[in-house]
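Working notes, beginning with the structure itself.
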Amino acid sequence: MALTAAEGTPVPVFGAWESAGEVRAVFHRFPGGGLSVTPLTPAQADSLAAFLVSAGWSLPSAGGDRATAVAFAEAWQRHTGATPVLRVRLHLHRLGVLTPPSPFPVGRGRVAGERDHSLVMGWCRDFAADVGEAVVVDADTWAGTRFAEKRYTFWETPEGVPVSMAGVNPMVGGQVRVDPVYTPAHLRGFGYAAAVTAEVSRAALAAGATDVVLFTNAANRTSNALYRRIGFVPIADWAVYDFMAGHG
10 MALTAAEGTP VPVFGAWESA GEVRAVFHRF PGGGLSVTPL TPAQADSLAA FLVSAGWSLP
70 SAGGDRATAV AFAEAWQRHT GATPVLRVRL HLHRLGVLTP PSPFPVGRGR VAGERDHSLV
130 MGWCRDFAAD VGEAVVVDAD TWAGTRFAEK RYTFWETPEG VPVSMAGVNP MVGGQVRVDP
190 VYTPAHLRGF GYAAAVTAEV SRAALAAGAT DVVLFTNAAN RTSNALYRRI GFVPIADWAV
250 YDFMAGHG
């Protein structure tokens with residue numbers, strides 16, 4: 010295995026699992042966040058956990074496809090004594106044929122600019138609270154959050170009032186991830202989230218994306234149904250485990 014940054018440095022950390030000179034899996038961690046890893050066998054998960062412990066890592070959480078997440082959580086418990094607690098189960102979706110929502114809400118999409126920064130930041134803070142993310146989102150911390158790297162688009166009413174927002178990660182290898190999608194509670198149920206998601210997906214495809222993906226909470230039937238209606242197809246189940254301090 011190899012890392013591109015040391016534990017404790019305030020930058021993203023990337024790593025690769027190599028065997029016979031080939032990369033078999035990769036993992037990454039954003040500053041202050043948990044570990045995300047591509048599929049591993051139980052043996053590989055155990056080796057990765059042992060490697061990270063020997064490198065002095067501590068982890069608040071880890072996530073990946075469901076089997077990998079379970080295997081790594083169990084391995085981390087064996088090596089550290091920390092107790093894994095399931096935080097959330099997710100569905101990973103990939104866009105098939107984009108289908109605009111029907112009925113389509115009146116209004117239009119608009120890319121957020123500098124003048125919208127306070128609203129974007131506030132809605133990201135509200136989104137994080139809604140999904141239970143333990144993150145501080147304000148002017149002082151913004152640059153270090155996972156929300157800072159994204160490009161945001163609003164859905165606006167004909168009067169120019171933002172009513173929903175979608176973020177998009179930078180394109181990597183032809184893939185774009187939609188995250189977050191947020192509509193204030195009092196504006197939900199009017200189709201705004203579907204409209205803004207369709208708008209950013211359309212823009213991503215026009216910019217050359219070959220894959221547009223997003224995650225949904227497996228327990229949220231409303232959002233799962235919404236994204237499927239506009240063309241997103243579930244392709245994998247994911248899980249995220251938090252690690253509670255143990256005495257191992």
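Numbering-wise, the sequence shown is residues 10 to 257 according to our numbering. For each residue, glycine too, the CB sits at the ideal point set by N, CA and C. As the structure is a prediction and not an experimental result, all values here were calculated from the model.
Beta-carbon proximity of residue i to residue j, cut-off 8 Å
i	j	result
F113	A204	yes
A245	D74	yes
F199	L101	no
G105	V242	yes
A227	G183	no
P167	G118	no
G72	G43	yes
I239	L107	yes
A207	L235	no
W132	M180	no
Buried/exposed call for residue i, threshold 16 Cβ in 10 Å
i	result
V221	buried
V126	The amino acid occupying residue 126 in the given sequence is His; Val does not appear at that position. H126 should be labelled exposed.
M253	exposed
D3	Given that the chain is displayed from residue 10 to residue 257, the structure contains no residue 3 and the question cannot be resolved.
G257	Reliability of the predicted coordinates at G257 is poor, the pLDDT of 42 falling under 50, and no value is obtained from them.
T154	buried
V35	exposed
E16	Model confidence at E16 stands at a pLDDT of 48, short of 50, so the residue's coordinates are unreliable; what they give is reported in the following sentence. Counting Cβ neighbours within 10 Å, E16 comes out exposed, since fewer than 16 surround it.
L57	buried
D251	buried
W26	buried
Cβ distance (whole Å) where residue i is taken to contact residue j below 8 Å
i	j	result
F163	A121	6 Å
V249	A213	V249 to A213, Cβ: 25 Å. No contact.
R160	G176	7 Å
Opposing strand residues paired with residue i [DSSP bridges]
i	result
P193	Note: P193 sits in no beta bridge, so no partner.
E27	V32
L128	According to DSSP, L128 bridges with nothing at all.
V98	The sequence given here has Arg at residue 98, not Val. Answer by DSSP bridge pairing, in chain order: A248.
is_contact[residue i, chain C] using C-beta, thresh 8 Å
i	result
G153	No chain C is part of this structure, which consists of one protein chain only.
Measuring CB atoms only, is the segment 127-143 touching the segment 190-199, in the sense that at least three cross pairs come out at less than 8 Å? yes
Specify whether the segment 75-83 and the segment 38-52 touch according to this definition: at least 3 beta carbon pairs, one from each stretch, less than 8 Å apart. yes
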